[in-house]
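Structure record follows, encoded as structure tokens.
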Amino acid sequence: MAHAHRTTAAISHVFRGTFIHSTQKTAVQILEDALLGVNAEGKIAFIGTGVDLHKLAQAFGFSPSEVTQLTQHEFFMPGMVDTHIHASQYSYAGTALDLPLLQWLNTYTFPVESRFKDLDFANRVYTRVVKRTLRNGTTTACYFATIHSDASLLLGQIANDFGQRALVGKVCMDRNEGVKHYKETIQESQEETSRFIAELLNKKYPLVKPIVTPRFALSCTGALLGQLGAIAKNNNLHIQSHISENVEEVNLVKELFPESESYTDVYHRHNLLTDKTVMAHGCYLSDKELDLFRETGASVSHCPNSNIALCSGLLDVRNVLNHKVKLGLGTDVAGGYSASMLDAVRRTLDTSKVLTIQDPEYNTLTFEEVFRLATLGGSQALSLDDQTGNFEVGKDFDALRVNVAAPGAPIDLIQCEEPKILLEKFLNLGDDRNIVEVFVAGRMVVPFTEPVDSCTAESKSLRSLHLSTQHPT
Ligand SMILES: [Zn+2]
Numbered sequence: 350m351a352h353a354h355r356t357t358a359a360i361s362h363v364f365r366g367t368f369i370h371s372t373q374k375t376a377v378q379i380l381e382d383a384l385l386g387v388n389a390e391g392k393i394a395f396i397g398t399g400v401d402l403h404k405l406a407q408a409f410g411f412s413p414s415e416v417t418q419l420t421q422h423e424f425f426m427p428g429m430v431d432t433h434i435h436a437s438q439y440s441y442a443g444t445a446l447d448l449p450l451l452q453w454l455n456t457y458t459f460p461v462e463s464r465f466k467d468l469d470f471a472n473r474v475y476t477r478v479v480k481r482t483l484r485n486g487t488t489t490a491c492y493f494a495t496i497h498s499d500a501s502l503l504l505g506q507i508a509n510d511f512g513q514r515a516l517v518g519k520v521c522m523d524r525n526e527g528v529k530h531y532k533e534t535i536q537e538s539q540e541e542t543s544r545f546i547a548e549l550l551n552k553k554y555p556l557v558k559p560i561v562t563p564r565f566a567l568s569c570t571g572a573l574l575g576q577l578g579a580i581a582k583n584n585n586l587h588i589q590s591h592i593s594e595n596v597e598e599v600n601l602v603k604e605l606f607p608e609s610e611s612y613t614d615v616y617h618r619h620n621l622l623t624d625k626t627v628m629a630h631g632c633y634l635s636d637k638e639l640d641l642f643r644e645t646g647a648s649v650s651h652c653p654n655s656n657i658a659l660c661s662g663l664l665d666v667r668n669v670l671n672h673k674v675k676l677g678l679g680t681d682v683a684g685g686y687s688a689s690m691l692d693a694v695r696r697t698l699d700t701s702k703v704l705t706i707q708d709p710e711y712n713t714l715t716f717e718e719v720f721r722l723a724t725l726g727g728s729q730a731l732s733l734d735d736q737t738g739n740f741e742v743g744k745d746f747d748a749l750r751v752n753v754a755a756p757g758a759p760i761d762l763i764q765c766e767e768p769k770i771l772l773e774k775f776l777n778l779g780d781d782r783n784i785v786e787v788f789v790a791g792r793m794v795v796p797f798t799e800p801v802d803s804c805t806a807e808s809k810s811l812r813s814l815h816l817s818t819q820h821p822t
């Protein structure tokens with residue numbers, strides 16, 4: 350029997366073939382010879398089986414001849430959710446991985462981020478990171494930008510133009526001893542955050558929203574943290590930051606906030622831990638701190654590439670999940686060197702196996718569980734699971750059409766394989782060449798429909814930003 354969502358919106362696409370997704374109960378659910386209908390609002394209108402084609406066609410008013418049939422080596426999976434990525438740091442991704450966190454920030458990150466005052470530079474980097482992540486299957490991204498409101502608004506515009514679902518954060522920081530010119534006064538930070546939020550909301554982008562973004566406790570005074578907590582509460586907004594990433598940082602937070610019981614308590618007492626909060630890393634959170642995450646509904650973004658590349662630590666994901674804390678995966682570009690969520694999947698499995706080497710009794714994560722973390726888990730971590738994360742009827746159709754045998758792609762199929770093996774091969778061996786189409790809210794966003802000449806698209810984005818700056822609404 351088909352699951353269906355009665356709505357007035359007409360059916361715009363119907364696909365037939367293998368669908369693989371996660372549910373709360375099942376890490377990998379495989380639907381073979383399934384029929385999935387997407388309506389004109391981009392939502393999943395029904396999921397049924399191929400044998401019910403004619404019944405469904407009659408019920409939903411589409412013609413069986415318009416159904417798109419997947420091939421034998423293809424499947425649909427939900428789009429992946431990157432719960433933590435610094436769009437501004439994409440300019441130096443793949444380099445500068447030779448220092449620990451705090452020295453890395455001062456030497457590489459802050460000097461680069463300060464360049465985003467220049468909108469042409471911002472436009473070049475942001476266009477590329479949005480395109481690169483979309484092509485690699487990131488249908489939802491939770492972005493850190495920089496302290497610059499106009500460049501952060503431009504990132505929102507570019508994500509909207511290319512059709513990516515995104516939370517965009519203008520970074521807030523009123524403390525920076527290392528690179529003194531890259532910070533704000535508390536008043537600037539508060540006023541610019543309010544302006545950024547108002548202007549981004551005013552654009553009414555359907556899939557792009559602001560997120561309140563204190564960089565991390567070491568970059569913010571308690572007064573600023575308190576103001577940001579109030580701004581998030583008054584506007585019912587998402588919140589993101591970093592927590593317990595490296596040992597030196599954890600010790601400094603203790604010194605700077607002696608009145609707080611723990612790092613988690615620093616955020617909690619400034620109203621920054623809510624069920625719309627996502628905190629990156631969390632390598633050194635105590636069980637008591639994880640309990641506070643669960644009580645408040647805050648989530649952890651696991652960024653294994655960055656945790657290893659900057660020698661920060663190894664997050665025990667199993668322990669976080671055992672505490673019933675929501676958890677998604679993040680690339681953490683550019684502390685993490687890869688912008689691809691497939692890399693985050695692989696590094697998550699590697700980290701879990703390193704923990705198993707250290708303790709043979711450890712309950713290693715399975716690839717099925719990690720697939721769920723990259724999709725449904727990420728949507729839950731961002732409290733967007735009412736809209737995306739799996740193929741539940743009524744959610745938006747955010748999906749990757751994967752062809753495991755795509756010409757030129759890095760997978761050789763020696764024999765005919767069952768769908769679960771195809772999924773495992775794709776997660777471990779595949780890349781963007783296997784992701785033949787990407788859909789966000791029912792719209793095909795990859796292959797790109799924008800002009801092939803990226804300079805044209807970039808200058809178009811920049812022109813319209815200048816225009817909107819000249820004529821504020
Ligand atoms: Zn980060």
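Letter by letter, the sequence shown follows residues 350 to 822 of my numbering. Using N, Cα and C, we set each Cβ at its ideal position, and we do this for glycine too. Values in this document were obtained by computation on a predicted structure and should not be read as measured data.
Check: Which residue comes first and which comes last in the alpha helix (DSSP H) that contains residue 422?
Finding: For the purposes of this step, residue 422 is identified with residue 73 of the sequence shown, where counting begins at 1. It is not in any alpha helix (DSSP H) - residue 422 carries neither H nor E in the DSSP assignment.
Notebook entry, point to check: Relative to the alpha-carbon of residue 472, which residue among 752, 458 and 510 has its alpha-carbon at the smallest distance?
Noted result: As a working note, residue 472 is residue 123 in the sequence shown. Looking at the Cα atoms, 510 is the closest of the given residues.
Next item on the list: Output the distance between the C-alpha atoms of residue 434 and residue 521, rounded to the nearest integer angstrom.
Entry: Reading the sequence shown from its first residue, position 85 is the one you call residue 434. Reading the sequence shown from its first residue, position 172 is the one you call residue 521. Spanning the two alpha carbons is a distance of roughly 16 Å.
Check: CB of residue 681 to nearest heavy atom of ligand 1: below 7 Å?
Finding: Stepping through the sequence shown from its first residue, residue 681 is reached at position 332. Within the cutoff, so yes.
Check: Is it right to say residue 588 is buried, meaning 16 or more other beta carbons lie within 10 angstroms of its own, or is it exposed?
Finding: Locating residue 588 in the sequence shown gives position 239, counting from the first residue. By the 10 Å Cβ count, residue 588 comes out buried.
Check: Which parts of the stretch 409-496 are runs of the alpha helix (DSSP H), unbroken and 4 residues or longer, counting only runs that do not cross its ends?
Finding: 450-453, 459-462 and 468-484
Next item on the list: Using three-state DSSP, classify residue 529 as helix, strand or coil.
Entry: On the sequence shown, residue 529 is found 180 positions in, with the first residue counted as 1. Residue state, collapsed to three classes: coil.
Notebook entry, point to check: Got a sec: does ligand 1 put a non-hydrogen atom nearer than 7 Å to the Cβ of residue 493?
Noted result: Residue 493 sits at position 144 when you count from the first residue of the sequence shown. Checking the Cβ of residue 493 against ligand 1 gives yes.
Check: So is the beta-carbon of residue 629 under 7 Å away from any non-hydrogen atom of ligand 1?
Finding: If you number the sequence shown from 1, residue 629 lands on position 280. At least one heavy atom of ligand 1 is nearer than 7 Å to the Cβ of residue 629, so yes.
Item checked: Top-ranked residue by Cα proximity to residue 593, from 635, 500, 426 and 795 -> As a first step, residue 593 must be located in the sequence shown, where it is residue number 244. The shortest Cα separation from residue 593 among 635, 500, 426 and 795 belongs to 635.
Item checked: Among 795, 759, 788 and 642, nearest to residue 391 - alpha-carbon criterion -> Numbered from 1 along the sequence shown, position 42 holds the residue referred to as residue 391. Checked all of 795, 759, 788 and 642; the closest Cα to residue 391 is 788.
Note to self: Count Cβ pairs between the stretch 755-767 and the stretch 693-703 that sit closer than 8 Å; are there 3 or more?
What the structure shows: no
Checklist line | Closer than 7 Å: residue 684 CB and nearest ligand 3 heavy atom | finding: For ligand 3, the structure offers nothing, since it holds only ligand 1.
Item checked: Cα-Cα separation, residue 483 to residue 798 -> If you number the sequence shown from 1, residue 483 lands on position 134. If you number the sequence shown from 1, residue 798 lands on position 449. The alpha-carbon atoms of residue 483 and residue 798 are separated by roughly 13 Å.
Notebook entry, point to check: In whole angstroms, what separates the C-alpha of residue 662 from that of residue 674?
Noted result: Sequence index remark: in the sequence shown, residue 662 carries index 313 (1-based). Sequence index remark: in the sequence shown, residue 674 carries index 325 (1-based). Their backbone Cα atoms lie some 19 Å apart in a straight line.
Next item on the list: Within 10 angstroms of the Cβ of residue 706, are there 16 or more other Cβ atoms? Answer buried if so, exposed if not.
Entry: Your numbering for residue 706 matches position 357 in the sequence shown. Classification for residue 706: exposed.
Check: Where residue 639 and residue 412 are concerned, what is the direct C-alpha to C-alpha distance, given to the nearest angstrom?
Finding: The residue labelled residue 639 in the question sits at position 290 within the sequence shown. The residue labelled residue 412 in the question sits at position 63 within the sequence shown. Cα-Cα distance, rounded: 51 Å.
Notebook entry, point to check: Which term fits residue 598, buried or exposed, when burial requires 16 or more other beta carbons within 10 angstroms of its beta carbon?
Noted result: For this step, residue 598 is matched to residue 249 along the sequence shown. Buried, since its Cβ has 16 or more Cβ neighbours within 10 Å.
Check: So what does residue 558 bridge to, in DSSP terms?
Finding: Counting from one through the sequence shown, the residue named residue 558 turns up at place 209. Per DSSP, 516.
Next item on the list: Output the residue ranges of the alpha helix (DSSP H) runs that lie fully inside the stretch 618-706 and measure 4 residues or longer, sorted by chain position.
Entry: 636-645, 653-658 and 666-671
Next item on the list: Taking residue 449 as the reference, give the member of 523, 601, 656 and 759 with the closest Cα.
Entry: By 1-based counting over the sequence shown, the position of residue 449 is 100. Comparing Cα-Cα distances from residue 449 to each of 523, 601, 656 and 759, the minimum goes to 656.
Notebook entry, point to check: On the three-state DSSP scale, how would you describe residue 818?
Noted result: By one-based count along the sequence shown, residue 818 stands at place 469. Low per-residue confidence applies at residue 818: pLDDT is 43, beneath 50, and the placement is therefore not dependable, though the value from the model is reported in the following sentence. DSSP places residue 818 in helix when its eight states are reduced to three.
Next item on the list: Flag this pair as yes or no: are the beta carbons of residue 743 and residue 361 separated by less than 8 Å?
Entry: Position 394 of the sequence shown, counted from the first residue, corresponds to residue 743. Position 12 of the sequence shown, counted from the first residue, corresponds to residue 361. No.
Margin query: Could you check whether residue 741 and residue 393 sit closer than 8 Å to each other, using their CB atoms as the reference points?
Written below: Residue numbering aside, residue 393 sits at position 44 when the sequence shown is read from its first letter. Residue numbering aside, residue 741 sits at position 392 when the sequence shown is read from its first letter. Yes, the Cβ-Cβ distance between residue 393 and residue 741 is below 8 Å.
Item checked: Residue span of the alpha helix (DSSP H) that contains residue 715, given as start and end -> Along the sequence shown, read from residue 1 onward, the residue named residue 715 stands at position 366. Careful: residue 715 lies outside any alpha helix (DSSP H) and carries neither H nor E.
Margin query: If you measure between the beta carbons of residue 379 and residue 398, is that distance less than 8 Å?
Written below: Residue numbering aside, residue 379 sits at position 30 when the sequence shown is read from its first letter. Residue numbering aside, residue 398 sits at position 49 when the sequence shown is read from its first letter. Cβ distance not < 8 Å, so residue 379 and residue 398 don't count as in contact.
Next item on the list: Take the Cβ of residue 359 as the centre, count every other Cβ of all protein chains shown within 10 Å, and call the residue buried at 16 or more, exposed below.
Entry: The sequence position of residue 359 within the sequence shown is 10, counting from 1. Classification of residue 359: exposed, given that the 10 Å Cβ count is below 16.
Notebook entry, point to check: Under the three-state reduction of DSSP, which class applies to residue 709: helix, strand or coil?
Noted result: The residue given as residue 709 occupies position 360 in the sequence shown. Correct three-state label for residue 709: coil.
Check: Is it buried or exposed for residue 607, if we count other Cβ within 10 angstroms and need 16 for buried?
Finding: Here the question's residue 607 lines up with position 258 in the sequence shown. Exposed: under 16 other Cβ atoms inside 10 Å.
Notebook entry, point to check: Which residues does DSSP pair with residue 589 in a beta bridge?
Noted result: The count along the sequence shown starts at 1 and reaches residue 589 at position 240. Residue 589 pairs with 627.
Next item on the list: Return yes when at least one heavy atom of ligand 1 lies under 7 Å from the C-beta of residue 651, else no.
Entry: Taking the first residue of the sequence shown as position 1, residue 651 is located at position 302. Flag unset: Cβ of residue 651 not near ligand 1.
Next item on the list: Please name the residue, chosen from 765, 793, 610 and 761, that lies closest to residue 783 on a Cα-to-Cα basis.
Entry: The sequence position of residue 783 within the sequence shown is 434, counting from 1. That would be 761, whose Cα lies nearest to the Cα of residue 783.
Note to self: Helix, strand or coil for residue 365? Go by DSSP, reduced to three states.
What the structure shows: Stepping through the sequence shown from its first residue, residue 365 is reached at position 16. The answer is strand: DSSP assigns residue 365 an E or B state.
Check: Which same chain residues, not among the five before or five after residue 568, have their C-beta less than 7 Å away from its C-beta?
Finding: By 1-based counting over the sequence shown, the position of residue 568 is 219. Closer than 7 Å at Cβ, skipping near neighbours: 522, 524 and 525.
Next item on the list: Could you give the DSSP three-state label for residue 750: helix, strand or coil?
Entry: Along the sequence shown, read from residue 1 onward, the residue named residue 750 stands at position 401. Looking at residue 750 - three-state DSSP - the assignment turns out to be strand.
Check: When the distance is taken between beta carbons, is residue 419 closer than 8 Å to residue 405?
Finding: As a position in the sequence shown, residue 405 is number 56, starting the count at 1. As a position in the sequence shown, residue 419 is number 70, starting the count at 1. Not in contact: residue 405 and residue 419 (Cβ atoms no closer than 8 Å).
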